[in-house]
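Visitor: I'd like to ask you about the structure that follows.
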Amino acid sequence: MQIGSKIAWDDTVLPFQLDLSGIRGRVARLDGVLDQVLSQHKYPPAIEALVAECALLTALIGQTIKLRWKLSLQIRGNGAARLIATDYYGPTAEGEPARIRAYASYDAERVWETDDPFSLIGDGYFAVMLDQGEGMLPYQGFTPIAGGSLRSCAESYFAQSEQIPTRFALSFGKSHEPGREAGWRAGGIMLQHMPQTGGVAAAQGSGESGLLTHADILSGAPAEDWNRANHLLDTVETLELIGPNVAPTELLVRLFHEEEPRVFDAQPLRFGCSCSEDKVRNTLSIYSQKDIAHMTTAEGKVTADCQFCGAHYEMDPATLGFEGTAAASTTGNGG
116 MQIGSKIAWD DTVLPFQLDL SGIRGRVARL DGVLDQVLSQ HKYPPAIEAL
166 VAECALLTAL IGQTIKLRWK LSLQIRGNGA ARLIATDYYG PTAEGEPARI
216 RAYASYDAER VWETDDPFSL IGDGYFAVML DQGEGMLPYQ GFTPIAGGSL
266 RSCAESYFAQ SEQIPTRFAL SFGKSHEPGR EAGWRAGGIM LQHMPQTGGV
316 AAAQGSGESG LLTHADILSG APAEDWNRAN HLLDTVETLE LIGPNVAPTE
366 LLVRLFHEEE PRVFDAQPLR FGCSCSEDKV RNTLSIYSQK DIAHMTTAEG
416 KVTADCQFCG AHYEMDPATL GFEGTAAAST TGNGG
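By my numbering, the letter at position 108 of the sequence shown is numbered 223, and the numbering carries on one by one without gaps.
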């Protein structure tokens, strides 16, 4: 792949459809976006890997939904990795990039060097939250932490909550290309069977802890199509997913040429945060001046930091809370 085409595919999600199989999918490549997400913090390597995997899943899942505002993933556990949170903001206009952000909360004293970052989560749940904005009720769906990876949790979520067979093939890690500084790259493919009409999944699944799998949802010709596409996906190699030498379009032809793949317009991705001083002030508007006084520093300011982008806000306590004055006075802010 030439350097120009490589750059063109970085930080994009490419939708596609396998016309002979009734299967749709996405190919994602994250480069600068992932570096920006992770550069906001100094995570241990194992936590970085969890955030990278979750960000890649968020990019793939977010592009499948027509969003007015935001899709979020949250992974909560009782292990060293307490919370992995990501947000995907749909494009505000046709041709505009979608935005993604992520952060992790963890117990540094319990994080150890491991080849299995997933083991740091422990017991907990994998959640998908959809917020379409003002006037729309938010949606939340949950599935237990299971399956040995965040990828498996996401597959279980779609089987349980949507009864849609879903498969992810993911790769992510530090890239050490000649002439470039080491940086994070990630790539992945998502397959989804088109929703079936008239079928009802089994009440008890055949997967771990009784969770549903594709075998509990599909039968006959659709099951054969799904299995065939998955066998083809099993042949994908790490370097094909993560780049930089195989374009997503070339990869789809290599994997699924007999299934007649059809591609659509790629969706660009950017790092982006929705925090603002106005939102901080709105959050604090429920507090009295007495409450605000307890939040005030020795320097006479109320401060707040964004967990996603690191923006730092300093505000005059007299202007905060439902008793605060209307005039705002700030000595610092962030994006």
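We put the CB at the ideal spot given by N, CA and C, even for glycine.
How long is the line joining the alpha carbons of Asp238 and Gln155, rounded to whole angstroms?
Guide: Those two C-alpha atoms are separated by around 27 Å.
Visitor: Does any residue of chain B bring its CB to less than 8 Å from the CB of Glu438?
Guide: Structure shown: chain B not included; a single protein chain is present.
Visitor: In whole angstroms, what separates the C-alpha of Cys424 from that of Cys388?
Guide: Each residue's Cα considered, the two are about 6 Å apart.
Visitor: What does the alpha-carbon distance come out to for the pair Glu209 and Pro363?
Guide: 22 Å
Visitor: Using the rule of at least 16 other Cβ atoms within 10 Å of the residue's Cβ for burial, across every protein chain shown, is Thr207 buried or exposed?
Guide: exposed
Visitor: Can you tell me whether Thr201 is helix, strand or coil according to DSSP?
Guide: strand
Visitor: Thinking Ala174 and Ala223 are a contact (beta carbons under 8 Å), I'd like their distance in whole angstroms, please.
Guide: Not a contact, Cβ separation roughly 27 Å.
Visitor: Just to confirm my understanding: we take Gly298, look at its own chain, exclude 5 residues before and 5 after, and list those with CB closer than 6 Å. What are they?
Guide: Asp150 and Ser290
Visitor: Within a Cβ cutoff of 7 Å, which residues of the same chain sit near Asn193, ignoring the five residues on either side of it in sequence?
Guide: Gly237, Asp238 and Gly239
Visitor: Return yes when the Cβ of Gln307 is within less than 8 Å of the Cβ of Gln178, no when it is not.
Guide: No, these two residues do not count as a Cβ contact at 8 Å.
Visitor: By Cβ distance, which residues of its chain are closer than 8 Å to Val395, with the 5 residues on each side in sequence left out?
Guide: Ala419, Tyr428 and Met430.
Visitor: For Thr353 and Ser286, I'd like the C-alpha separation in whole angstroms.
Guide: If you draw a straight line from the Cα of Thr353 to the Cα of Ser286, it is about 6 Å long.
Visitor: Please name the residue, chosen from Arg183, Pro280 and Val243, that lies closest to Met309 on a Cα-to-Cα basis.
Guide: Of the candidates Arg183, Pro280 and Val243, the residue whose Cα lies closest to the Cα of Met309 is Pro280.
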